[in-house]
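**Q** Handing you a structure now.
There are 2 protein chains.
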Amino acid sequence: MTARIRQFLRKRAEDGPCLVVDLDVVRENYLAFAKALPDTKVFYAVKANPAPEVLALLAALGSSFDAASVTEIEMALAAGATADRISFGNTIKKERDVARAYALGVRLYAVDCIAEVEKIARAAPGARVFCRILSDCVGAEWPLSRKCGCEPAMAPDVLEHAHRLGLTACGVSFHVGSQQRNPQAWDRALASVAAVFRECGERGINLAMVNLGGGFPTRYLKNVPTVKTYGSAIFRALRRHFGNRIPETIIEPGRGMIGNAGVIEAEVVLVSKKNENDDVRWVYLDIGKFGGLAETMDESIRYPIRTPRDGDDLAPCVIAGPTCDSADVMYEREPYALPISLEIGDKLLIEGTGAYTATYASVAFNGFPPLKTYHI
Amino acid sequence: MTARIRQFLRKRAEDGPCLVVDLDVVRENYLAFAKALPDTKVFYAVKANPAPEVLALLAALGSSFDAASVTEIEMALAAGATADRISFGNTIKKERDVARAYALGVRLYAVDCIAEVEKIARAAPGARVFCRILSDCVGAEWPLSRKCGCEPAMAPDVLEHAHRLGLTACGVSFHVGSQQRNPQAWDRALASVAAVFRECGERGINLAMVNLGGGFPTRYLKNVPTVKTYGSAIFRALRRHFGNRIPETIIEPGRGMIGNAGVIEAEVVLVSKKNENDDVRWVYLDIGKFGGLAETMDESIRYPIRTPRDGDDLAPCVIAGPTCDSADVMYEREPYALPISLEIGDKLLIEGTGAYTATYASVAFNGFPPLKTYHI
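Taken in sequence, the protein lines are chains A and B.
Reminder that position 51 of the first sequence reads as 51 in the numbering used here, one-by-one numbering, no gaps.
Going from the second sequence to the numbering used here is simple: count from 1 and add 1000.
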């Protein structure tokens, strides 16, 4: 919560929740990544927050971009990035979207299976491809599923197939899991990557690049290590597994780049009990799972919440959104301590909400409009 | 899947998934409800699908409307409903939204606690209120949480408070749980309602209305009882608990009114394995949890899926969406049997998707546009 955001919110008069992102914080985060990993190119994960102001700032700072769709590629280009600074990092792409990306000049693509390689070979001849491998994600607050990536043992076949079809099999990517709080997590994954490099080398394919993925955390309720700590741990792991022949590396921070730059202002719509003897109150806000706080699903991300009554005695609360949907409850399994004096109409600040909020908002569930956003 | 939808889809040329709703089916559903419960007013739950074409059709047929927000009230009015045919059924309302609804002429409001009653008394003086009570939801495929409603024992206090503040304490509502497959579920809830009626009567407050809620199912993979079966069971339960003094009743079908009228056409983007020995394949579609299929969360709703290769041998598949989000996996715990011959580019039909799809779609997650919709 920066002074600039506080000042902005003081002047705001409209009804409804909003997200305010302080671009100065994004700038600081970018510079911290660039300093912590000086030989690594930053590919900002556009999906975390694709606001034009964010993309333009990062493009001007020299960032590259990891795009999940043709729309995100077009947005990065519109913000001033050149096509050689864009990676089409989604492993699930329609062939006609690969063709569109190729026509826009994009030459770097993620794959995780033979069928995807064949799409790229047909629609983006000669492009560079990297193969995503699965990693175990131990230590992540939000471990990834097996959705993207193949077993490391399959990667050399995928890359060799790319090579045979005239593509440049350039490297390997992995993701250590979202909100990864253990800087050593990259070490295990890099051991697998080095094995893929060796196997490909034996097949006459010289890989040159490691995409270290995202996973860099933002501070929610618990402290997280600094970007510098991550940088040192990753550099040590690269030295351990690649010796003096460290490959070209890229990272794809999303949450780590912008999570802590944003604050959502919300309003308490109702405070009630289900019967008079309940010791847990229900606090209903004008934002919920379908208004942008989708990452509260399974109570995964636990956002810090500030109230105008902080300092008063606390009481356990279930926190829910404004829709009629029974799934629109954010914290119930583990109730959230809020001031017992909290009242209907109070404004709350939900911190660490710069990433993965605005674009998740539904178009109009229950008639509620999408989350308003301001990038200042 | 009707012939009209099939014909529409044959002519469609655009890229991307879409929802097609056959309004003739909505009309049939409305008439079935009206016939099965001839003395009950239908308040269509706008949140299920607020498309103007749907609202206009239902308004013309004589339906009333259950609205979750001021926007939904405005949409019902724009479709031709009069304010006396609209209930503001969300128990979580900003006081200024109550005032807006009152200014638009709405005089019927849901409450479930004292604080909400006080908002209505201030912002909608003299209005009719009904108190929502919790019910157990046994038999529902998607039981509701404790989010909306109070314990039945608290309801007389809430209604008495309304009465004292000059409101008309008109009745009680409940919800037997979404996709309720047991027509007897209304019986237990009505026993609680009758007790609230008696207690209020003893306090000199004569309640006159029971809102029987929604919960009427749509057919997904399993058969469901007919609307006629529900109508008979509800009428018997009303007779059992209210004898010859059956109160005014209303129902709020949403899913039951429009679920089976809609079909989503989607495309297979990728079919792959994570290693060569996997016996479960991953099938990625161009629609997922964030494109409109949010009700697959926790694999709650299991939609019927038709493919152009139905009849071929089946194999178990994980079905996932097109985004980079690891949560965007629809069926994994219980893999889904699809034809082993299924190929990238095949078009699938996801049936029973008329309700709770289009408005859930995210504004632009991963850059993917919201679900396109056609109401024919």
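Built from N, CA and C at the ideal position, the CB exists for glycine as well.
Evaluate contact between the region 1035-1043 of chain B and the region 1250-1257 of chain B, counting only Cβ atoms and requiring at least three cross-stretch pairs below 8 Å.
**A** Cβ pair count under 8 Å is three or more, so yes.
**Q** With a cut-off of 7 Å, does the C-beta of A/Gly367 fall near any C-beta of chain B?
**A** Yes, A/Gly367 lies at the interface with chain B (some Cβ there is under 7 Å from its Cβ).
**Q** On a CA-only basis, which of B/Leu1165, B/Cys1137, B/Ile1086 is nearest B/Glu1116? Give me that one, please.
**A** With distances taken between Cα atoms, B/Glu1116 lies closest to B/Leu1165.
**Q** Using a Cβ-Cβ cut-off of 6 Å (strictly less than) and excluding sequence neighbours within five positions of B/Ala1185, which residues of its own chain qualify?
**A** Cβ within range, chain order: Gly1139, Val1176.
**Q** Determine the closest residue to A/Pro125 out of A/Ala162, A/Ser63, A/Cys137, with distance taken between C-alpha atoms.
**A** For the residues A/Ala162, A/Ser63, A/Cys137, the minimum Cα distance to A/Pro125 belongs to A/Ala162.
**Q** What is the DSSP secondary structure of A/Asp346, reduced to helix, strand or coil?
**A** Coil, per DSSP.
**Q** Please name the residue in B/Trp1142, B/Arg1107, B/Glu1141 whose C-alpha comes closest to that of B/Phe1130.
**A** The candidate whose alpha carbon is nearest that of B/Phe1130 is B/Arg1107.
**Q** Is the beta carbon of A/Ala355 sitting closer than 7 Å to the one on A/Val227?
**A** No, they are not a contact pair.
**Q** Quick test of your reading: A/Phe174 and A/Ala189, contact by CB under 8 Å. State the CB separation rounded to the nearest angstrom.
**A** Yes, they are in contact, since the Cβ atoms of A/Phe174 and A/Ala189 sit about 5 Å apart, within 8 Å.
**Q** Per DSSP, B/Asp1066 is paired with what?
**A** B/Ala1045, B/Ser1087.
**Q** Less than 7 Å separating the beta-carbons of A/Val263 and A/Met1?
**A** Cβ distance < 7 Å, so A/Val263 and A/Met1 count as in contact.
**Q** Contact between the region 1067-1079 of chain B and the region 1087-1094 of chain B is defined here as three or more beta-carbon pairs at a separation below 8 Å; is this criterion met?
**A** Verdict: yes, contact present.
**Q** Rounded C-beta distance between B/Val1021 and B/Ala1261? I'm assuming under 8 Å.
**A** Correct: roughly 5 Å between the Cβ atoms.
**Q** Just to confirm before moving on: does the CB-CB distance between A/Thr307 and A/Leu342 stay below 7 Å?
**A** In contact: A/Thr307 and A/Leu342 (Cβ atoms closer than 7 Å).
**Q** So within the region 1082-1155 of chain B, which uninterrupted beta strand (DSSP E) runs reach at least 3 residues, ignoring any that extend past its ends?
**A** With a minimum length of 3 residues, the continuous beta strand (DSSP E) runs that stay inside the region 1082-1155 of chain B are 1086-1088, 1108-1111, 1128-1132, 1140-1142.
**Q** Any idea what DSSP makes of B/Arg1010, helix, strand or coil?
**A** In this structure, B/Arg1010 counts as helix in the three-state DSSP scheme.
**Q** Looking only at its chain, what residues have a beta carbon closer than 7 Å to the beta carbon of A/Cys170, apart from the 5 residues adjacent to it on each side?
**A** So the qualifying residues of the chain are Arg128, Val129, Phe130, Leu207, Ala208, Met209.
**Q** Could you list which residues in chain A have their beta carbon closer than 8 Å to that of B/Pro1050, in chain order?
**A** Ala364, Gly367, listed in chain order.
**Q** Who are A/Trp282's beta bridge partners in DSSP?
**A** The partner list for A/Trp282 (beta bridge, DSSP) reads A/Ser272, A/Val318.
**Q** What's the gap between the Cα of B/Asn1049 and the Cα of B/Gly1259?
**A** Their Cα atoms are separated by approximately 9 Å.
**Q** Identify whether B/Val1224 lies in helix, strand or coil by the three-state DSSP scheme.
**A** Coil at B/Val1224, not helix or strand.
**Q** Which of the three DSSP states, helix, strand or coil, is assigned to B/Asn1244?
**A** Looking at B/Asn1244 - three-state DSSP - the assignment turns out to be coil, as it is neither helix nor strand.
**Q** Taking DSSP's pairing of strands, which residues face B/Val1329 in a bridge?
**A** Looking at the DSSP assignment, B/Val1329 forms a beta bridge with B/Ala1320.
**Q** Taking 7 Å as the cut-off, decide whether the C-beta atoms of A/Leu57 and A/Leu19 are in contact.
**A** No.
**Q** Along the chain, where does the beta strand (DSSP E) that runs through A/Tyr30 open and close?
**A** It is not in any beta strand (DSSP E) - A/Tyr30 instead sits in the alpha helix (DSSP H) that spans 23-36.
**Q** Does B/Ala1060 pass the burial test, meaning 16 or more other C-beta atoms within 10 Å, or should it be called exposed?
**A** B/Ala1060 comes out exposed.
**Q** Would you kindly work out how many angstroms separate the C-alpha atoms of B/Arg1004 and A/Gly214, rounded to a whole number?
**A** Cα to Cα, B/Arg1004 sits roughly 47 Å from A/Gly214.
**Q** When you compare the CB of B/Leu1454 with every CB in chain A, is at least one pair closer than 7 Å?
**A** Because chain B here runs from 1001 to 1376, residue 1454 of chain B falls outside it and cannot be looked at.
**Q** Just by C-beta distance, which residues in the region 279-293 of chain A are closer than 8 Å to chain B?
**A** Hits within the stretch, in order: Trp282, Tyr284, Asp286, Phe290.
**Q** Does the separation of the CB atoms of B/Thr1357 and B/Gly1292 fall below 7 Å?
**A** Yes, they are a contact pair.
**Q** Could you tell me which residues DSSP pairs with B/His1163 in its beta bridges?
**A** Bridge partners of B/His1163: none, in fact.
**Q** Under 7 Å between beta-carbons, which chain A residues line up against B/Asn1275? List them in chain order, please.
**A** Per Cβ cutoff of 7 Å: Cys150, Glu151, Ala153, Met154.
**Q** Report the three-state DSSP secondary structure of B/Leu1351 (helix, strand or coil).
**A** The residue asked about is misnamed: residue 1351 of chain B is Glu in this sequence, not Leu. Here B/Glu1351 sits in strand by DSSP.
**Q** Under 7 Å, do B/Tyr1303 and B/Tyr1220 count as touching if we go by C-beta distance?
**A** Cβ atoms of B/Tyr1303 and B/Tyr1220: closer than 7 Å.
**Q** Chain A beta carbons: is any one of them nearer than 7 Å to that of B/Leu1144?
**A** Judged by the 7 Å Cβ criterion, B/Leu1144 is in contact with chain A.
**Q** From A/Pro339, A/Asn277, A/Met297, pick the residue whose C-alpha is nearest to that of A/Asp310; which is it?
**A** Checking every option, the nearest Cα to that of A/Asp310 belongs to A/Pro339.
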